[in-house]
Amino acid sequence: MNAINMRSLAVLLVAGGMAVLAMLFLASLAEAQSNPNAFNRLMKPAAERNAPPPSDGIHDPDSSGTHVLQTPRESFDALPDSNSGNYVDWNAAVDAGEIAPRNSIGDTPVTPIVLDLNIVREVKGSMPDVVYPHKQHTQWLDCSNCHPAIFIPQKGANQISMASILLGEKCGVCHGKVAFPVSECRRCHSRPKEQTAAN
Amino acid sequence: MTVALVAVAFSFLYYEAAKAEYGDVVINEFSDDAGMRPVVFPHWFHRIRFRCKVCHGDLGFKFEAGGNEINMLKIIDGEYCGACHNGNVAWSIENCDLCHSGIPNTPTQVHHSTTQKLVAPLRSGTADSAASGEGTNGEQQP
Numbered sequence: 001m002n003a004i005n006m007r008s009l010a011v012l013l014v015a016g017g018m019a020v021l022a023m024l025f026l027a028s029l030a031e032a033q034s035n036p037n038a039f040n041r042l043m044k045p046a047a048e049r050n051a052p053p054p055s056d057g058i059h060d061p062d063s064s065g066t067h068v069l070q071t072p073r074e075s076f077d078a079l080p081d082s083n084s085g086n087y088v089d090w091n092a093a094v095d096a097g098e099i100a101p102r103n104s105i106g107d108t109p110v111t112p113i114v115l116d117l118n119i120v121r122e123v124k125g126s127m128p129d130v131v132y133p134h135k136q137h138t139q140w141l142d143c144s145n146c147h148p149a150i151f152i153p154q155k156g157a158n159q160i161s162m163a164s165i166l167l168g169e170k171c172g173v174c175h176g177k178v179a180f181p182v183s184e185c186r187r188c189h190s191r192p193k194e195q196t197a198a199n
Numbered sequence: 200m201t202v203a204l205v206a207v208a209f210s211f212l213y214y215e216a217a218k219a220e221y222g223d224v225v226i227n228e229f230s231d232d233a234g235m236r237p238v239v240f241p242h243w244f245h246r247i248r249f250r251c252k253v254c255h256g257d258l259g260f261k262f263e264a265g266g267n268e269i270n271m272l273k274i275i276d277g278e279y280c281g282a283c284h285n286g287n288v289a290w291s292i293e294n295c296d297l298c299h300s301g302i303p304n305t306p307t308q309v310h311h312s313t314t315q316k317l318v319a320p321l322r323s324g325t326a327d328s329a330a331s332g333e334g335t336n337g338e339q340q341p
C-alpha cells in the first residue's frame, strides 16, 4: 500500500514538474516574440536554420507525408559549411567527393563537360571587379541553360545590374533562389581594382 | 492533457514564421483548386543527387516557380517529375502526400528568395514580382 502511494506520488511530482517546465519554456518563447526590444526582431535566429519539415512553416504537419521527409540538418551535418543559403558549400562538397550528383537520370556515370574559363567584368563604382568562373557553373549546368536566353555569349552584349539580379534576372535567376544568395558579395566581386584606376 | 496543450501551443508558435529550407519551391498552380495540398519541392534534396542540368536541361524544367504548368497527367506520362518518380529511379506517384505536403493556400513561391528576404516587402504590383510568379503575398511578415 505504502509503496503504491509513494509511486503514484512520484509520478504526480514528475508530471507536475514537467508541466511547470513546459509552461515556463512556452512563456519565455511567447515573451521573446512579444518583446519589442528583442534581438533579431526581423531575422531568423541561427538555431532555426535547416528545420525539420513538420516545423518549417511550409509543410503541413497534419499530413502524414510531412513526417516521412528528411530533415535538412541531418543531411547537411557531414557537408562543408558556408555562410548563407542552405549553409552548405555545394561546390566544396562536390570537389571533396562528399556528394556525387548524377549528370543524367540513370546511374550510368556521365561526366559533365567542364569549361575552365574565367570572364572578368569590370564594374562601375568602388566594388571589386567580378570574376565569373565557367568551371564551377559547368559542373552543374549545360551551356544551353544560360546561353543564349539569359546571357548572350558575346563580350559586351550583356547589361547586368545588381538591381536586376536582386529582382531575379541574369545571375539572379539562380543566385538568391537556390545558388548562393546575393549577400555573398565578395564571392563574385573578387578581383581588386587596379590602383591607377582609383586615382 | 498538458502534453496536448503544449503541442497545440507549439504548433501555433511554429506557424508564426516559415523556416523552410533555402530554395524550397511551393507549387500551387492547380493544387488548391483540386482539393490537394500544394507541392513542396526541396531543391536541396535533389541537388545532392542530381546536377541542375538534369532537370533544367534534359527534362525541360524552366527556371521559374510555377512556370512549367506541371499536372498529374504529364507526370504519369513520364514528363517533369514523372521522369524519375516512376518507381524505377525514385518512389512512384502513389505517394501523393510526399509531394503534396504544403500548408493549404500557400502561394507559389521560392522560399527565402532575395525578394522574400527583404524586410520591407516589395510593393505589390512591382513588375518583376508579378512576372516571375513570385508574388509578395507569400512572404512572412516580420
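Residue numbers (this note's numbering), protein chains in the order written: chain A, 1 to 199; chain B, 200 to 341. A virtual CB, placed ideally from N, CA and C, is assigned to each residue, including glycine.
Endpoints, the alpha helix (DSSP H) within which residue i is located
| i | result |
| --- | --- |
| residue 81 of chain A | Taken as a continuous stretch (DSSP letters only), residue 81 of chain A belongs to no alpha helix (DSSP H), as it is neither H nor E. |
| residue 89 of chain A | Neither: residue 89 of chain A is in no alpha helix (DSSP H) and is coded neither H nor E. |
| residue 165 of chain A | 162-166 |
| residue 313 of chain B | 313-316 |
Separation of residue j from residue i, as counted between CA atoms
| i | j | result |
| --- | --- | --- |
| residue 151 of chain A | residue 34 of chain A | 47 Å |
| residue 137 of chain A | residue 189 of chain A | 16 Å |
| residue 184 of chain A | residue 84 of chain A | 8 Å |
| residue 89 of chain A | residue 104 of chain A | 22 Å |
| residue 250 of chain B | residue 289 of chain B | 16 Å |
| residue 292 of chain B | residue 119 of chain A | 43 Å |
| residue 285 of chain B | residue 124 of chain A | 50 Å |
| residue 109 of chain A | residue 191 of chain A | 36 Å |
| residue 63 of chain A | residue 54 of chain A | 9 Å |
| residue 43 of chain A | residue 317 of chain B | 10 Å |
| residue 122 of chain A | residue 37 of chain A | 43 Å |
| residue 220 of chain B | residue 111 of chain A | 29 Å |
| residue 310 of chain B | residue 304 of chain B | 15 Å |
| residue 243 of chain B | residue 180 of chain A | 12 Å |
| residue 129 of chain A | residue 166 of chain A | 18 Å |
| residue 258 of chain B | residue 283 of chain B | 10 Å |
| residue 116 of chain A | residue 65 of chain A | 42 Å |
| residue 106 of chain A | residue 141 of chain A | 17 Å |
| residue 46 of chain A | residue 295 of chain B | 32 Å |
Same chain, Cβ closer than 8 Å to residue i, neighbours up to 5 away in sequence not counted
| i | result |
| --- | --- |
| residue 177 of chain A | 168 |
| residue 87 of chain A | 49, 50, 76 and 81 |
| residue 230 of chain B | 236, 237, 238, 299 and 301 |
| residue 260 of chain B | 254, 267 and 279 |
| residue 71 of chain A | 50, 51, 52 and 53 |
Beta-carbon proximity list for residue i, same chain, < 6 Å, skipping 5 on both sides
| i | result |
| --- | --- |
| residue 164 of chain A | 170 |
| residue 69 of chain A | 53 |
| residue 99 of chain A | 93 |
| residue 79 of chain A | 88, 93 and 98 |
Endpoints, the beta strand (DSSP E) within which residue i is located
| i | result |
| --- | --- |
| residue 201 of chain A | In the structure displayed, chain A extends from 1 to 199; residue 201 of chain A sits before or after that span and is not available. |
| residue 229 of chain A | Chain A is shown only over 1 to 199; residue 229 of chain A falls outside these bounds and no answer can be derived. |
| residue 121 of chain A | 118-121 |
| residue 39 of chain A | Where residue 39 of chain A is concerned, there is no enclosing beta strand (DSSP E), given that its DSSP letter is neither H nor E. |
| residue 56 of chain A | That residue, residue 56 of chain A, is in no beta strand (DSSP E); it is neither H nor E in DSSP. |
| residue 132 of chain A | 129-133 |
| residue 345 of chain B | What the structure shows of chain B is the stretch from 200 to 341, and residue 345 of chain B is not part of that stretch, so it cannot be assessed. |
Contact belief for residue i with residue j at Cβ below 8 Å, rounded distance in angstroms
| i | j | result |
| --- | --- | --- |
| residue 95 of chain A | residue 236 of chain B | About 38 Å; that fails the 8 Å criterion. |
| residue 281 of chain B | residue 273 of chain B | 7 Å |
| residue 225 of chain B | residue 308 of chain B | 5 Å |
| residue 144 of chain A | residue 256 of chain B | 6 Å |
| residue 306 of chain B | residue 227 of chain B | 6 Å |
| residue 102 of chain A | residue 248 of chain B | 6 Å |
Same chain, Cβ closer than 7 Å to residue i, five either side skipped, listed in chain order
| i | result |
| --- | --- |
| residue 113 of chain A | 138 |
| residue 8 of chain A | none |
| residue 270 of chain B | 229 |
| residue 131 of chain A | 118, 120, 190 and 191 |
| residue 193 of chain A | 128 and 129 |
| residue 180 of chain B | Because chain B in this structure spans residues 200 to 341, residue 180 of chain B falls outside the shown range and cannot be described. |
Alpha helix (DSSP H) runs wholly inside the region 237-308 of chain B, at least 4 long, in chain order: 242-248, 271-275 and 295-298
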